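Q: Just so it is clear: in the sequence shown, position 26 is 49 by the working numbering, and no numbers are missing.
Where is the CB? At the ideal position from N, CA and C, for every residue including glycine.
Only a predicted model underlies this, so the values are computations on that prediction, with no experimental measurement involved.
I have a structure here, written as structure tokens, and I will follow up with some questions on it.
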Amino acid sequence: MSESSSAAHARPIGVIRVLTSEDPAAVATHGKVIEERYGLPTVSRCIPGQPHGIHDDESEARAEPKIVDLARELAEAGAHALIISCAADPALQETRRAVGIPVIGAGSAAAAVALGLGRQIGVLGIRDEAPPAVRALLGDRFTASARPHGVHRTTDLLAPEGPPAVLEAATGLVASGADTLLLACTGLNTIGIRPLLEERLGVPVVDPVLAAGLLASYGHGG
């Protein structure tokens, strides 16, 4: 490993969480998943004032300047790259213009991986429509989108009825012809639903947090 590669590997991936929490372990959940899967060092921070994350246009608009500000802080603190851990890719282009390091949107990353796996991609998220960035990248491979019954924001996934509702919605997408599922909410990583969906439905399921970590691993001097 070259000296420059070693230096890059020592600098962490900054993981920006859009769900506000005072619990450091909760904030670090997605970063820990990336560390365990790809062996990358991470540092996780959450934006303030959004206890229910991003779940509609208004909450996304409120989050965007906070994401840019936090990205600047992480870049100045020495992050090698940044992940915006939200499948809507909020403020992705603005953040890329604001910092001089790579910025990965979890939604775009998931779409890129899904395109490599399937021909008919179903999108499962917390809004009635697939995130625009995801839909645009999938193009004519997009099949349908679904929102689990009773789920309107990421915190709803944590309720006891959350995982069964996710399975029901995913089952409907596969029944409609999807041969690959894209999880369009990083909260679906938080509840660890991907293995169950793959086991029950027999199709690849793309997790946006893992997809973002995969892309980050390519530029991290491994």
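Sort out for me which residues DSSP pairs A207 with in a bridge.
A: Answer is G148.
Q: Please classify Q73 as buried or exposed, where buried requires at least 16 neighbouring CB atoms within 10 angstroms.
A: When all chains shown are included, Q73 counts as buried.
Q: Let me know the secondary structure DSSP gives T43 once reduced to three states.
A: In the structure shown, T43 sits in coil (DSSP, three-state: anything other than H, G, I, E or B).
Q: Leaving out five residues before and five after R176 in sequence, what residues of the same chain have Cβ atoms less than 7 Å from its Cβ?
A: Excluding positions up to five away in sequence, the list reads H75, G76, H78 and I149.
Q: Short of 8 Å in beta carbon distance, which residues of its chain neighbour E191, apart from the five on each side in sequence? Order them along the chain.
A: Once the five neighbours on either side are set aside, the close Cβ partners of E191 are P171 and H172.
Q: Around the C-beta of P6, are 16 or more other C-beta atoms found within 10 angstroms, so that it is buried, or is it exposed?
A: Lying outside 24 to 245, the shown extent of the chain, residue 6 is not represented and no answer is given.
Q: Can you give me the C-alpha to C-alpha distance between Q143 and E59, rounded to a whole angstrom?
A: Going from the Cα of Q143 to the Cα of E59 covers about 30 Å.
Q: Using DSSP with H/G/I as helix, E/B as strand and the rest coil, what is G128?
A: The answer is strand: DSSP assigns G128 an E or B state.
Q: Give me the residue from V228, R34, A49 and R40 with the minimum Cα distance to G10.
A: With the chain represented from 24 up to 245, any question about residue 10 goes unanswered, as that position is not in the structure.
Q: Compare the beta carbon distance of A239 and I106 with 8 Å and say whether it is the shorter of the two.
A: Yes. Within cutoff.
Q: So which of C109, G141 and L181 has the shortest CA-CA distance to I200?
A: Here the sequence assigns Gly to residue 200, which means Ile is not the residue at that position. Of the candidates C109, G141 and L181, the one whose C-alpha sits nearest the C-alpha of G200 is G141.
Q: Please classify K55 as buried or exposed, where buried requires at least 16 neighbouring CB atoms within 10 angstroms.
A: Burial call: exposed.
Q: Going along the chain, which residues of its own chain have a beta-carbon closer than 6 Å to the beta-carbon of A98, five neighbours each way excluded?
A: V122 and I124, listed in sequence order.
Q: Hey, how far is the Cα of T209 from the Cα of E45?
A: Approximately 18 Å between the Cα atoms of the pair.
Q: Quick one, are the C-beta atoms of I90 and V41 less than 8 Å apart?
A: Yes.
Q: Taking just the CA atoms, how far does T65 sit from D163?
A: Rounded to the nearest angstrom, the two C-alpha atoms are 35 Å apart.
Q: Could you check whether T178 and G145 sit closer than 8 Å to each other, using their CB atoms as the reference points?
A: In this structure, T178 does not lie closer than 8 Å to G145 by Cβ.
Q: For chain B, check one thing: does any of its Cβ atoms lie closer than 8 Å to the Cβ of G130?
A: Judged by its chain identifiers, the structure shown contains no chain B, having just a single protein chain.
Q: Which whole-angstrom value describes the C-beta separation of V232 and S108, a residue pair presumed to lie in contact below a C-beta threshold of 8 Å?
A: Right, the Cβ-Cβ distance comes to about 6 Å (below 8 Å), so this counts as a contact.
Q: Going residue by residue through the segment 173-199, where are the continuous alpha helix (DSSP H) segments of at least 4 residues, counting only ones entirely within it?
A: Listed in chain order, the complete alpha helix (DSSP H) runs (minimum 4 residues) inside the segment 173-199 are 185-198.
Q: Would a C-beta distance cut-off of 8 Å place A169 and G130 closer than the cut-off?
A: No. Outside cutoff.
Q: Rounding to the nearest angstrom, what Cα-Cα distance links A102 and L220 in this structure?
A: Their Cα atoms are separated by approximately 33 Å.
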